[in-house]
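Engineer: Taking mature numbering (1 follows the signal peptide of the UniProt record, and there is no 0), I'd label the letters of the sequence shown as residues -22 to -1, 1 to 312.
Using N, Cα and C, we set each Cβ at its ideal position, and we do this for glycine too.
Below is the structure I would like to discuss, written out as structure tokens.
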Amino acid sequence: MTIMVLVKSLVPLFASLAGVVAQSATANLTSTGCVDVSGFESCQKDATAKASDCLATARKDGSELEIEACGCANYIDNINCAASHCWNRVNECEYQKYAVAYLRNCPIAKTPLPYFPAPDGAPDACSCNLGKVFLAINSTIQQGGKCSSSTGGADAFSNVQRIQGCECCEVSGALSSIYGLCPDTDPKLIGLSDVSNLEGLLNTPFDTCSPYMSKFDCVSDFGFSPGTIHTYYNPSNLPQSGTATLSNKPGTVTAPASGSVFTYSNAANSKIDTISAAGGGSGSGSGSNSASGTGAATGTSATATSTHKSGAGRTALGRGLAFFVLGLVILALP
């Protein structure tokens, strides 16, 4: 039996929020191939019951913030279920996509998360490191906010030019994260639509950025990070899009990379979560490599929002707050 985690739209209790219509989205975590199938399914069932009780209270209270909190908590509960009972599959596209969905859709979400992003060279890993792409794009957006807000001086025209340069570098960094980290993958599968949303939010189509990117260097002039993004592409040298779909690489995770028991600090709710890995046998997949690396990402926390440009709220990566507040993550049980 396979259990799926579905993000479903609810009856729009709070349809007035932001004046938008709720959208539907799907994020899946399945039990197939897990090292502890029954434990994983039981864990998800408990998460569903907890979420249902939470939602019932939120609806009774008439609180959109409580509904939002119910959804965020359900994401974390299911992430912990996977880390405990399906650790042999956490490098795969399915888990990494789910972690990205949590960071995109939950306004209070932050890293670290267990086994995210997957370490370089990990067995049974997604063909594109979705976690690294997400974090690189989000970091670029945060840097763009700092760049724009720090621009000032007596020359108004120069200020406008520099702000436009900041925003072009922001969009370039987001695109360059996709094309630089996963050049063979179809960009539509790994965040291209989010970059398009960013262009709209900034009112900065990338194809208008050549003059500004010729005038300014994103790294030396504006302080954008040269770390993960080695080249900030401009409209004239953006590589040809890849066409590959997402798939899992060969390899088998034979032991939980973080050990049988580990803890991580959940920055979203300031709690310490303890993960006890079930079993210790071989997992699914092919090959004979063993997993290595840490169980949680380290470094700066990745938030789902960026606020700048005269204090106005700016959405990072099209986080989908509106539909998320109107939707709760629940399980489709047989």
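1) Spatial neighbours of I141 within its chain, please: C-beta separation below 7 Å, excluding the five flanking residues on both sides.
2) Mind checking A222: buried by the 16 CB within 10 Å criterion, or exposed?
3) From this set, D39, W65, L81 and N66, which residue's C-alpha is nearest I54's C-alpha?
4) Over the uninterrupted beta strand (DSSP E) stretch that includes Y242, give me the two end residues.
5) Roughly how far, in whole angstroms, is the beta-carbon of S188 from the beta-carbon of N212, given that I think they are within contact range, below 8 Å?
6) If contacts are defined as beta-carbon pairs under 8 Å, then residue 313 and P101 qualify, I think. What distance do you get, rounded to the angstrom?
7) What does the Cβ neighbour count give for N66, buried or exposed, with the cut at 16 atoms within 10 Å?
8) Which class does A256 belong to by DSSP, given the choice of helix, strand or coil?
9) With a 10 Å radius around its C-beta and 16 neighbouring C-beta atoms as the bar for buried, classify A77 as buried or exposed.
10) Under the assumption that E42 contacts T35 (Cβ atoms under 8 Å), give the Cβ distance between them as a whole number of angstroms.
11) Do you know how far the Cα of S136 is from the Cα of Y73?
12) Quick check on the DSSP output: the alpha helix (DSSP H) that includes residue 323 runs from which residue to which?
13) On the three-state DSSP scale, how would you describe T163?
14) Going by CA-CA distance only, name the one from A103, A114, N247 and G178 that's closest to G205.
15) Cα separation between G131 and D164?
16) Which of helix, strand or coil does DSSP assign to L224?
17) Between S62, C196 and Y210, which has its C-alpha nearest T241's C-alpha?
18) Rounding to the nearest angstrom, what Cα-Cα distance links V307 and G158 in this structure?
19) Can you tell me whether T118 is helix, strand or coil according to DSSP?
20) Considering just the uninterrupted stretch of the alpha helix (DSSP H) at residue 316, what are its terminal residues?
21) Which residue wins for smallest C-alpha separation from V111, given the options G143, G151, S16 and P183?
22) Where does T26 sit, in a helix, a strand or coil, going by DSSP?
23) Within 8 Å (strictly less), CB to CB, does Y93 reach chain D?
24) Does the distance from the C-beta atom of N107 to that of P95 stay below 8 Å?
25) Exposed or buried, Q1, counting other C-beta atoms within 10 Å across all chains shown (16 or more means buried)?
26) Work out the CA separation of F184 and Y190 for me, nearest whole Å.
27) In whole angstroms, give me the CA-to-CA distance for G123 and P161.
28) Compare the C-alpha of K88 against each of N244, G178 and S174 and name the closest.
29) How far does the alpha helix (DSSP H) with V78 in it extend, from its first residue to its last?
30) Could you name each continuous alpha helix (DSSP H) segment of 4 residues or more that falls completely within the segment 125 to 165, going from the start of the chain to the end?
31) Going by DSSP in three states, C104 sits in which element: helix, strand or coil?
32) What's the C-alpha gap between E19 and T230?
Structural biologist: According to the structure data:
1) If you ignore the 5 residues before and after I141, its C-beta comes within less than 7 Å of the C-beta of S126 and T129, all in its own chain and listed in chain order.
2) exposed
3) L81
4) V239 to N244
5) 6 Å
6) There is simply no residue 313 to check, as the chain begins at -22 and stops at 312 in what is shown.
7) buried
8) coil
9) buried
10) Between T35 and E42 the Cβ distance is about 13 Å, and since that is not below 8 Å, they are no contact.
11) 46 Å
12) Past the boundaries of the shown model lies residue 323; the chain is included only from -22 to 312, so the question cannot be answered.
13) The answer is strand: DSSP assigns T163 an E or B state.
14) A114
15) 42 Å
16) coil
17) S62
18) Low per-residue confidence applies at V307: pLDDT is 36, beneath 50, and the placement is therefore not dependable, though the value from the model is reported in the following sentence. For V307 and G158, the distance between alpha carbons rounds to 32 Å.
19) Under the three-state reduction of DSSP, T118 is assigned to helix.
20) Since the first and last residues shown for the chain are -22 and 312, residue 316 lies out of range.
21) G151
22) helix
23) The structure shown contains no chain D; it is built from a single protein chain.
24) yes
25) At Q1, the pLDDT of 27 sits below 50, so the modelled position is not reliable; the number obtained from the coordinates is stated separately. Exposed: under 16 other Cβ atoms inside 10 Å.
26) 10 Å
27) 26 Å
28) N244
29) C71 to N83
30) 134 to 159
31) strand
32) 22 Å
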